[in-house]
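Asks: Could you have a look at this structure, given as structure tokens, before my questions?
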Amino acid sequence: MSIAAVPGPPDCAGGREQCAVAAATVETRELVVADLFGADHARLVRMAVFLGADGDAEDVVAEAFLELHRNWHRLRDVAAASAYLRGTVHNLVRMRLRRRSVERRHASRIVGDAESAEVAVLWREDQWEVRRALCRLPARQRQAVVLRYWLDLKEAEIAAAMGISEGAVKSHMSRAMATLTRVLQRGRSTRAS
Numbered sequence: 001m002s003i004a005a006v007p008g009p010p011d012c013a014g015g016r017e018q019c020a021v022a023a024a025t026v027e028t029r030e031l032v033v034a035d036l037f038g039a040d041h042a043r044l045v046r047m048a049v050f051l052g053a054d055g056d057a058e059d060v061v062a063e064a065f066l067e068l069h070r071n072w073h074r075l076r077d078v079a080a081a082s083a084y085l086r087g088t089v090h091n092l093v094r095m096r097l098r099r100r101s102v103e104r105r106h107a108s109r110i111v112g113d114a115e116s117a118e119v120a121v122l123w124r125e126d127q128w129e130v131r132r133a134l135c136r137l138p139a140r141q142r143q144a145v146v147l148r149y150w151l152d153l154k155e156a157e158i159a160a161a162m163g164i165s166e167g168a169v170k171s172h173m174s175r176a177m178a179t180l181t182r183v184l185q186r187g188r189s190t191r192a193s
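Note that the sequence shown covers residues 1 to 193 in my numbering.
Quick look at the structure:
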């Protein structure tokens, strides 16, 4: 089928050739988003949980895929789609945590967060310890650790996802690991005695 034979959207004013390119882009977008969903969905949900989106991690990831679909035209390269998703999940979790913090500050009474049954079953006690220690870290340190150890990203990829320099990533990682080591050792010595 030639480009001229590909029907374009009815509002396409750029001629059949530009309409065909737009139609091919839409088809590519649909295929890439579907492939990414199959390949990255579970990892992104885990990332969202580790960043602090316990009860709504799936919603965060679904919203990230929706944002990718909506903003497809902004991608420079199809290969950047996975990084775009990670960055979007990262930002959405941060926004939700910030909103929760404001809500708690202004709430007349504080109600403890209850974990969902699925989350509680999936975690062993040592994982809970690590998670509690992660929650004590400042947000940027926690994000760097999650991106490095749960998503196996390199420092350059972490820097790109967080919008900071590689040196800042190294600094966040160093401080985070020192804090985690101290907190986890203290927890183990308390249990042993």
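Note that beta-carbon positions come from the ideal geometry of N, C-alpha and C, so glycine has one too.
Computed from a predicted structure; not experimentally measured.
(1) Check whether the stretch 77–84 and the stretch 31–46 are in contact - that is, three or more C-beta pairs closer than 8 Å.
(2) Report the rounded CA-to-CA distance for D152 versus L51, giving the unit in angstroms.
(3) In this structure, how does DSSP classify S174 when only helix, strand and coil are distinguished?
(4) Leaving out five residues before and five after V49 in sequence, what residues of the same chain have Cβ atoms less than 6 Å from its Cβ?
(5) Please list the terminal residues of the continuous alpha helix (DSSP H) segment that includes I158.
(6) Between the C-alpha atoms of R142 and D59, what's the straight-line distance to the nearest angstrom?
(7) When the Cα atoms are used, what is the spatial distance from R132 to V169?
(8) Grab me the residues of A156's own chain with a C-beta within less than 8 Å of its C-beta, minus the 5 sequence neighbours each way, in chain order.
(9) Check A53 in the structure and name its three-state DSSP category.
(10) Measure the alpha-carbon distance for Y149 versus V26 and round it to whole angstroms.
(11) Is V93 near A53, with beta carbons less than 8 Å apart?
(12) Does the beta-carbon of D40 have 16 or more other beta-carbons within 10 angstroms, so that it is buried, or is it exposed?
(13) Assign R94 to one of three DSSP states: helix, strand, or coil.
(14) Under DSSP, the alpha helix (DSSP H) around R142 begins and ends at which residues?
(15) Have a look at S189 and L134 and give me their C-alpha separation to the nearest angstrom.
(16) Please classify L66: is it buried, with 16 or more other beta-carbons within 10 angstroms of its beta-carbon, or exposed?
Replies: Straight from the coordinates:
(1) Output reads yes: the stretch 31–46 touches the stretch 77–84.
(2) Locating residue 152 in the sequence shown gives position 152, where the first residue counts as 1. Locating residue 51 in the sequence shown gives position 51, where the first residue counts as 1. Between the alpha carbons of D152 and L51 lies a gap of roughly 15 Å.
(3) To locate residue 174, count along the sequence shown from 1; it is residue 174. In the structure shown, S174 sits in a helix (DSSP, three-state: H, G or I).
(4) Position 49 of the sequence shown, counted from the first residue, corresponds to residue 49. These residues qualify, in order along the chain: A57.
(5) Translated into positions along the sequence shown, residue 158 becomes position 158. Annotation for I158: the continuous alpha helix (DSSP H) segment containing it runs E155 to M162.
(6) One-based indexing of the sequence shown puts residue 142 at position 142. One-based indexing of the sequence shown puts residue 59 at position 59. The alpha-carbon atoms of R142 and D59 are separated by roughly 20 Å.
(7) Here the question's residue 132 lines up with position 132 in the sequence shown. Here the question's residue 169 lines up with position 169 in the sequence shown. When the Cα atoms are used, R132 and V169 turn out to be separated by approximately 22 Å.
(8) Start at 1 with the first residue of the sequence shown, and residue 156 comes out as number 156. Hits under 8 Å: E166.
(9) On the sequence shown, position 53 is the one that residue 53 refers to. Looking at A53 - three-state DSSP - the assignment turns out to be coil, as it is neither helix nor strand.
(10) Counted from its first residue, the sequence shown places residue 149 at position 149. Counted from its first residue, the sequence shown places residue 26 at position 26. Cα to Cα, Y149 sits roughly 34 Å from V26.
(11) Taking the sequence shown and counting its residues from 1, one reaches residue 93 at position 93. Taking the sequence shown and counting its residues from 1, one reaches residue 53 at position 53. Yes. Within cutoff.
(12) In the sequence shown, counting from the first residue as 1, residue 40 sits at position 40. Answer is buried; the Cβ neighbour count reaches 16.
(13) In the sequence shown, residue 94 corresponds to position 94, counting from 1. In the three-state reduction of the DSSP assignment, R94 falls in the helix class, which pools H, G and I.
(14) Position 142 of the sequence shown holds residue 142. The continuous alpha helix (DSSP H) containing R142 extends over residues A139 to V145.
(15) Numbered from its first residue, the sequence shown carries residue 189 at position 189. Numbered from its first residue, the sequence shown carries residue 134 at position 134. For S189 and L134, the distance between alpha carbons rounds to 18 Å.
(16) In the sequence shown, counting from the first residue as 1, residue 66 sits at position 66. L66 is exposed by the Cβ-count criterion.
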